[in-house]
Amino acid sequence: MRIGELAHATGTTTRALRYYEEQGLLRPDRSTNGYRSYDDDAVRVVENIRLLLAAGLTTDDLRLVDGCLRDELTGDHVCDDATPKIEIFEQRLSLLQQRINDLVEIRDQLLDRLADLRKFQPNPVAQPDPAAHPGHAAQPGSADAPHCPSAMARPRR
């Protein structure tokens, strides 16, 4: 299959596929005229690359588990040596948990600040009626929640 067909089959772009190739994650055959040619396993490889990148792994991480990219990652794992995969997944899970903890702390600080601001507001803003939006309770920072832009400043990256 050619690069455009693989891009269509995986819901990605040809640019992304070329990037994966540059990173050594995807290895197409080349025809005599230089066109890339991918086998049917390339669909699984690209899906796994996208899944693992979305999970927070880096292309450097993926190169370390390269032999496993053809595996079915959401089912049984058949890597010859799963040790590198285990180590990388444990490292990334630890980093993700730390990010989650940091975000929870920021959310709690914002909720505390919002509560303080509401206590001292001379003309309290009416709280939205949750019954008016079934299944949607107003969350701090949402369009339905009252807010003060200076109090809700976003942390810089």
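In the numbering used here, the protein residues as written are 227 to 383.
Cβ coordinates follow ideal geometry from the N, Cα and C atoms, glycine included.
**Item:** Closest residue to Y246 among T285, A308, G230, Y264 (Cα-Cα distance)
**Value:** Distances from the CA of Y246 to each of T285, A308, G230, Y264 were compared; the closest alpha carbon is that of T285.
**Prompt:** In whole angstroms, what separates the C-alpha of A281 from that of R344?
**Reply:** In this structure, the CA atom of A281 is about 37 Å from the CA atom of R344.
**Prompt:** Which one or two residues does DSSP pair with R262 in a beta bridge?
**Reply:** Paired residues: R256.
**Prompt:** How would you write the range of the alpha helix (DSSP H) that P310 sits in, first residue to last?
**Reply:** Counted as a single uninterrupted DSSP element, the alpha helix (DSSP H) harbouring P310 occupies residues 309-345.
**Message:** One question on the structure: do R296 and S263 come within less than 9 Å of each other, judged by their Cβ atoms?
**Reply:** No; because the gap between Cβ atoms is not below 9 Å, this pair is not in contact.
**Item:** Limits of the unbroken alpha helix (DSSP H) element including R244
**Value:** For R244, the enclosing alpha helix (DSSP H) stretches over residues 240-248.
**Message:** Just to check my reading of the structure: L232 and V269 have Cβ atoms closer than 8 Å, yes? What is that Cβ distance to the nearest angstrom?
**Reply:** Going by Cβ atoms, the distance from L232 to V269 rounds to 7 Å, so yes, they are a contact pair.
**Item:** Opening and closing residue of the alpha helix (DSSP H) in which R276 lies
**Value:** Membership of R276 in the alpha helix (DSSP H) is indicated by the continuous run 267-280.
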